[in-house]
Each structure stands twice: as C-alpha cells, then as structure tokens.
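K.L.:
First the structure, then my questions, so here it is.
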Amino acid sequence: MFQPQGFEQRSIITSLGKMAYYTATGSLWQDNAISNDKPQSVYANREKETLVFLHGFGGGSSAYEWSKVYPAFAAEYRVLAPDLIGWGKSEHPTRNYQIEDYLTTIREFFEQTCTGPVTAIASSLTAAFTIRVAIAHPNLFKSLILTTPAGLSDFGEDYSRSFFAQVVKVPIVDRLLYSTGVATTNGIRSFLEQRQFAQPNRIYDEIVEAYLQSAQQPNAEYAALSFVRGDLCFDLSLYIQQLTTPTAIIWGQKSEFTGPEIGRRLAQKNPEAIRVFQQLEDVGLTPQLELPAVTIGLIRRFLPLLN
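Okay, here's the thing in structure tokens:
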C-alpha cells in the first residue's frame with residue numbers, strides 16, 4: 000500500500016537477518032521511455048550514481064519516511080531506501096538492540112548493494128550512525144545529506160537519564176506502554192502531532208497508517224523500546240571531528256528532541272567536512288515528511304555542492 004509506483008521491494012541478508020529495501024524498477028524510470036530524439040545507446044551507456052535514503056527511529060519508523068522524496072530522484076539516480084533491521088518489513092530479531100547492531104548492518108547494506116562511494120541521505124539518530132560509519136569506512140561514501148543528525152546524548156546531555164527513558168526500563172511496563180501508547184492509531188497520531196511535526200495540519204491519514212502498520216509488525220517493540228530506553232543514544236560531538244566525507248545538514252527549527260543550536264554546535268566542530276548547515280523555519284524533526292518538496296529542492300541544491 001505504501002510502496003511508491005515504479006518501485007519494488009528487494010532484500011539482502013545481514014548478520015542480523017533480512018533487510019528489506021525499495022528501489023526503482025520498470026519502464027517508468029527507463030531512459031529510452033523519456034525521449035525518442037536520442038539513440039537509446041546514449042542513455043544505456045550512462046551509469047547512474049546511487050542515492051541511499053535511511054530513515055530515523057521512533058514508533059512505526061520505516062523507509063516510508065522518505066517515500067515522498069526519493070521518487071523525485073529515480074529518473075536520474077539509482078535509488079535505494081531500506082527498512083533498517085527491527086523496523087518496517089525487515090526482520091525483527093528479539094533482542095535488546097545496541098549501537099553496534101546498527102553500525103554493522105548499515106555498513107553491510109552499503110557493502111552489499113553499492114559498488115563504489117555513494118551519497119547517503121539519512122535522518123536523525125540514523126544520520127548520526129551514518130556519520131560514524133563514514134568515519135570508520137570513508138571509502139563507502141561520496142557525500143552525506145543529513146536531516147537533524149543527533150546522537151540524542153550530545154555534548155553530555157544524556158537522554159537515557161530522562162524520566163521517560165527510566166520508566167521504559169521497567170519490565171512489563173515497557174511492553175504495556177508500547178502496545179497501548181505507541182502501536183495504536185491515537186498513539187501514532189499524538190506522537191506525530193506533539194513530537195515530530197511542527198504543524199499538525201500537515202499530517203494526513205496515510206502517514207498515520209504507514210507508521211501504524213510498521214509499529215504493529217511482530218516483535219516491532221524490541222527495536223522501538225531499545226531506542227526509547229536510550230540504549231542507542233550516544234554523544235555525537237565526541238566523533239564528528241573525525242568526519243572527512245563532504246556533508247550538508249538540514250535542521251528543523253522546531254525539532255522537539257534536539258534544537259538547531261545543537262546542530263550548529265556540531266557543525267562548528269568540523270567546518271571542513273560540514274559544508275552546509277541549513278535551518279528550516281517552522282519545521283519539526285522530519286522535513287522529508289512535513290515539507291517534502293522543500294526537502295527535494297534542498298537535496299538537489301546540495302548534491303553538486305558536495306562533489
């Protein structure tokens with residue numbers, strides 16, 4: 000239901016199981032269907048660069064988060080948009096997830112699906128993980144375009160000590176909170192309205208339903224609760240100076256969890272790699288869902304700047 004037209008679901012096998020991803024296929028994106036004025040060989044010999052879109056974390060997260068953005072690039076680029084392990088249509092191992100789980104499986108995804116350096120477009124905590132993967136494996140990346148990249152414990156502000164994180168650490172209570180407060184229509188809509196979007200009127204039924212379907216996958220609570228407990232959080236400021244990959248950052252001015260002042264401090268620690276810091280007014284945590292057309296425009300603007 001939420002797979003964009005002209006895309007199909009495929010998968011790879013990581014060390015933690017199957018990772019589903021979406022990629023453009025079929026005549027809709029074939030170059031020879033665009034114009035009859037040029038010989039087919041002109042297009043056939045052109046190898047498309049790859050863009051990989053990585054979603055963030057939260058109850059019901061999945062590749063849907065970027066689905067209003069990535070089709071805009073399918074005619075010009077090879078587009079890949081995975082559901083990370085524990086989310087969406089990928090496998091949901093019954094485990095308490097750790098940071099290393101995502102550093103490893105994100106790296107494995109790039110190694111298995113890409114043959115050279117590519118541009119990664121990533122969101123929130125996953126964007127922070129992607130920075131760490133790019134530091135450890137710079138050969139995998141050509142550039143990074145990141146929305147609200149934060150480790151959620153940046154500059155010593157430890158999220159895991161927050162009241163809500165402590166509550167979710169209580170056995171039984173954690174599952175109850177997930178089943179009644181997260182994986183429901185009202186729970187999803189409430190979170191989107193209060194925490195993720197700056198303007199609730201930008202939320203429509205399809206967004207809520209897509210998040211709900213992901214949140215209700217068997218064992219979906221394991222990854223979500225690991226995130227909410229703070230098990231996946233870290234201080235990105237301790238790593239970001241090591242980044243060498245050309246990077247652009249987009250930051251919603253009304254991001255509920257980490258405001259743009261955190262983003263500016265992170266960017267100032269490495270101005271050589273972080274070439275652009277763009278604040279978006281009256282936008283929350285996910286500009287790719289709240290203002291997809293603006294996000295598309297900014298990505299198009301940044302791609303040549305990072306070459």
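Here the sequence shown stands for residues 0 to 306, where the numbers follow numbering that gives the first Met the number 0. The C-beta atom is built at its ideal place from N, Cα and C for all residues, glycine as well. As the structure is a prediction and not an experimental result, all values here were calculated from the model.
Would you kindly work out how many angstroms separate the C-alpha atoms of Tyr76 and Cys113, rounded to a whole number?
P.N.:
13 Å
K.L.:
By the 10 Å Cβ neighbour count, where 16 or more other Cβ atoms means buried, how is Arg131 classified, buried or exposed?
P.N.:
buried
K.L.:
Please return the same chain residues whose Cβ sits closer than 7 Å to the Cβ of Phe140, not counting the five positions on each side in sequence.
P.N.:
Pro116, Val117, Ala119, Ala133 and Thr244
K.L.:
Give every residue of the same chain whose Cβ lies closer than 8 Å to the Cβ of Leu302, excluding the five residues on either side of it in the sequence, and list them in chain order.
P.N.:
Thr118, Ser142 and Ile144
K.L.:
For the beta strand (DSSP E) that contains Thr246, what are its first and last residues?
P.N.:
For Thr246, the enclosing beta strand (DSSP E) has its first and last residue at Thr246 to Gly251.
K.L.:
Could you tell me the boundaries of the beta strand (DSSP E) in which Leu310 lies?
P.N.:
No answer is possible for residue 310: it lies beyond the span of the chain, which begins at 0 and ends at 306.
K.L.:
Residues in the same chain with beta-carbon distance under 6 Å from Arg300, minus the five sequence neighbours each way, listed in chain order, please.
P.N.:
none
K.L.:
Rounded to the nearest angstrom, what separates Pro81 and Ser61 at their Cα positions?
P.N.:
When rounded, the distance between both Cα atoms is 8 Å.
K.L.:
Three or more C-beta pairs closer than 8 Å, one from the stretch 81 to 96 and one from the stretch 50 to 65: is that the case here?
P.N.:
yes
K.L.:
Give the secondary structure of Arg274 by DSSP, where H, G and I count as helix, E and B as strand, and everything else as coil.
P.N.:
In the structure shown, Arg274 sits in a strand (DSSP, three-state: E or B).
K.L.:
Give the DSSP-derived three-state secondary structure of Gly296 in the structure shown.
P.N.:
helix
K.L.:
Using the rule of at least 16 other Cβ atoms within 10 Å of the residue's Cβ for burial, across every protein chain shown, is Gln267 buried or exposed?
P.N.:
exposed
K.L.:
In terms of residues, what are the limits of the alpha helix (DSSP H) holding Arg98?
P.N.:
Checking the sequence shown, residue 98 turns out to be Ile, not Arg. Start and end: Ile98 to Thr112.
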